[in-house]
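Q: Handing you this structure, nothing more for now.
2 protein chains.
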Amino acid sequence: MWRVEEIDRRIVTLLARDGRMSFTDLARETGLSVSAVHQRVRRLEKRGVLRGYTSLVDYDAIGLPMTAFISIKPIDPSAPDDAPERLKHLSAIEACHSVAGDESYILKVRVSSPIGLEELLQQIRAAANVSTRTTVVLSTPYEHRFPVPGEDEDAEEADKA
Amino acid sequence: MWRVEEIDRRIVTLLARDGRMSFTDLARETGLSVSAVHQRVRRLEKRGVLRGYTSLVDYDAIGLPMTAFISIKPIDPSAPDDAPERLKHLSAIEACHSVAGDESYILKVRVSSPIGLEELLQQIRAAANVSTRTTVVLSTPYEHRFPVPGEDEDAEEADKA
DNA sequence: ACTGAAAAATTTTTGGG
DNA sequence: CCCAAAAATTTTTCAGT
């Protein structure tokens, strides 16, 4: 896998901060011409570095105020593990991560109420033949931040002297 | 909190699927005029239902191929709990959720390597005076899906007869 | 790869029902 | 809250370096 270079990285960062930023603004921020950034963005899209764009939604406002993480474990460990396939019709599941550790997947889900969560858990257990462990989210101080590679280094000016 | 009505919900869903969809396309999909959808989108933004827009990034390509969930617990339970504040300067932390259960927060992080994760854990423990429990993500079958309220009901045509 | 500029399309404003 | 149309801006294409 190749390394995304400086100016492309800047474009990706800007679009992560504002997915609708115009090419005009991207050009101004990067010092390139409009057509140059345009070309770069299209290339980043084609190469899959930019996978798409989305809006950030207030889930309280649309009637899904409850978030939870559900860890799942197969009841029959010898059965083929196709849980993601079996669960993907459940639209409440925002994400599905395969993980190391005692359980096999972590799901992030959004539901309308405790009863909605209960029903979802039943559907998950039935669909994938798994046991579940649920962690309810109480609040979310922050989310959807953009991790920048090499930003958290401790001693950045060590080799200046 | 008021209820987002049908057509606004459709707009939100469309923009969740494609955050750069044009007003022209939104108008066609909703059957409204361009200015009507424009007005509605601006209102949804002002009311905070649409919180913003972002690009979906391939973290492998930008040098952050490793994802993990880190659960944290205060070492001194009597100290004031300002962990989110103390941690938010760490850009590797994509999200911070306060949760019910044995631990107090779940962090989602992106790092470049196992060593990067080790260093991040040290920084987290030092900055927030917490113990950590880490679950490494092996792969992500899906992510960033948009949960649609009322999509997972089992018996939808029960009261038709 | 980048630039500048023309052409095409979209966004935003305006005026009015 | 809705539409239609004008005005402003952006996106997209393209010839040239």
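Residue numbers (full-length UniProt numbering), protein chains in the order written: chain A, 1 to 161; chain B, 1 to 161.
Cβ coordinates follow ideal geometry from the N, Cα and C atoms, glycine included.
#1: Do residue 54/B and residue 54/A have their beta-carbon atoms positioned less than 8 Å apart in this structure?
#2: Nearest CA to the CA of residue 70/B: which residue from 61/B, 107/B and 11/B?
#3: Roughly how many angstroms lie between the CA atoms of residue 139/A and residue 26/B, to the nearest whole one?
#4: Assuming residue 41/A and residue 50/A make a contact with CB atoms under 8 Å, what is their CB distance in whole Å?
#5: Please give me, in chain order, every unbroken run of the alpha helix (DSSP H) with length at least 4 that falls completely inside the segment 94-148 of chain B.
#6: Let me make sure I understand the geometry here. Which of 119/B, 79/B, 73/B and 121/B has the alpha-carbon closest to that of residue 100/B?
#7: Which residues in the same chain have their Cβ closer than 8 Å to the Cβ of residue 7/B, if we skip the five residues on either side of it in sequence?
#8: Pop quiz: residue 122/A and residue 152/B are said to be a contact at Cβ under 8 Å. What is the actual Cβ separation, rounded to whole angstroms?
#9: How close, in whole Å, do the beta carbons of residue 63/B and residue 147/A come, if the pair is a contact with beta carbons under 8 Å?
#10: Quick one, which of 141/A, 22/A and 105/A has its alpha-carbon nearest residue 143/B's?
#11: For residue 112/A, count the other beta carbons within 10 Å of its own beta carbon; 16 or more makes it buried, fewer makes it exposed. Which is it?
#12: Give me the Cα-Cα distance between residue 46/B and residue 76/A, rounded to the nearest whole angstrom.
#13: Between residue 95/B and residue 145/A, how many whole angstroms is the CB-CB distance? I'm expecting something under 8 Å.
#14: Among the residues of its own chain, which have a CB less than 6 Å from the CB of residue 61/B, if the five just before and after it don't count?
#15: Looking at the secondary structure, which residues open and close the beta strand (DSSP E) in which residue 71/A lies?
#16: Which residues mark the beginning and the end of the alpha helix (DSSP H) in which residue 14/B is found?
#17: Closer than 8 Å, CB to CB, is residue 117/A near chain B or not?
#18: Does the beta carbon of residue 75/A sit closer than 8 Å to a beta carbon anywhere in chain B?
#19: Go to residue 56/A, then tell me how far its beta strand (DSSP E) extends in each direction, as first and last residue.
#20: Taking buried to mean at least 16 other C-beta atoms within 10 Å of its own C-beta, is residue 97/B buried or exposed?
#21: Per DSSP, what kind of secondary structure is residue 83/A in: helix, strand or coil?
#22: Residues of chain A with CB under 8 Å from residue 62/B, in chain order?
#23: Classify residue 25/A as helix, strand or coil using the three-state DSSP reduction.
A: Result, derived from the coordinates:
#1: Their beta carbons are under 8 Å apart, which means residue 54/A touches residue 54/B by this criterion.
#2: 107/B
#3: 32 Å
#4: 7 Å
#5: 114-128
#6: 73/B
#7: 30, 32 and 40
#8: So it is not a contact: roughly 11 Å between Cβ atoms.
#9: Their Cβ separation, rounded to whole angstroms, is 10 Å, which puts residue 63/B and residue 147/A out of contact at 8 Å.
#10: 105/A is the residue among 141/A, 22/A and 105/A whose C-alpha sits nearest the C-alpha of residue 143/B.
#11: buried
#12: 50 Å
#13: The Cβ separation is near 7 Å, so the contact holds.
#14: Closer than 6 Å at Cβ, skipping near neighbours: no residue.
#15: 66-74
#16: 6-17
#17: Taking Cβ atoms only, chain B never reaches closer than 8 Å to residue 117/A, which makes this a no.
#18: no
#19: Counting along the chain, the beta strand (DSSP E) containing residue 56/A begins and ends at 50-57.
#20: Counting Cβ neighbours within 10 Å, residue 97/B comes out buried, since at least 16 surround it.
#21: Residue 83/A falls in the helix class under three-state DSSP.
#22: 4, 9, 12, 49 and 149
#23: helix
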